[in-house]
């Protein structure tokens, strides 16, 4: 009888341990991360990078704000895309 009790106790502890271990490993929020090569403009001290964006794909230079979460893009007056509606220039 004791061997069955020990087996049941060991199985219960193993399952509990695996449950708590798997729960602590899974992230609670998805990670939003972009890794890209950033260059420094020597004359202005601004940091910028190139992205492949738009339809059809084209290289777009963006200004990287090191103190915030934003990428700044030059305003294009005659922007045309099949999949994206660009905001008006000088809008927030």
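Numbering (mature numbering (1 follows the signal peptide of the UniProt record, and there is no 0)), first residue to last: -24 to -1, 1 to 68.
We treat Cβ as the ideally placed atom computed from N, Cα and C, and that holds for glycine.
Candidates the options, of which the one nearest residue i by Cα
i, options, result
"residue 12", "27, 19 and 21", "27"
"residue 9", "31, 51, 45 and -11", "45"
"residue 15", "38, 34, -17 and 33", "38"
"residue 48", "6, 25 and -14", "25"
Bridge-paired residues (DSSP) for residue i
i, result
"residue 38", "25 and 49"
"residue 16", "23"
Chain-order list of residues whose beta-carbon lies under 6 angstroms from that of residue i (same chain, five-residue window excluded)
i, result
"residue 30", "57"
"residue -19", "none"
"residue 36", "27 and 29"
CB contact below 9 angstroms: residue i versus chain B
i, result
"residue -16", "Structure shown: chain B not included; a single protein chain is present."
Own chain partners of residue i with C-beta closer than 8 angstroms, once the 5 adjacent residues on each side are dropped
i, result
"residue 23", "14, 15, 16, 17, 39, 40 and 42"
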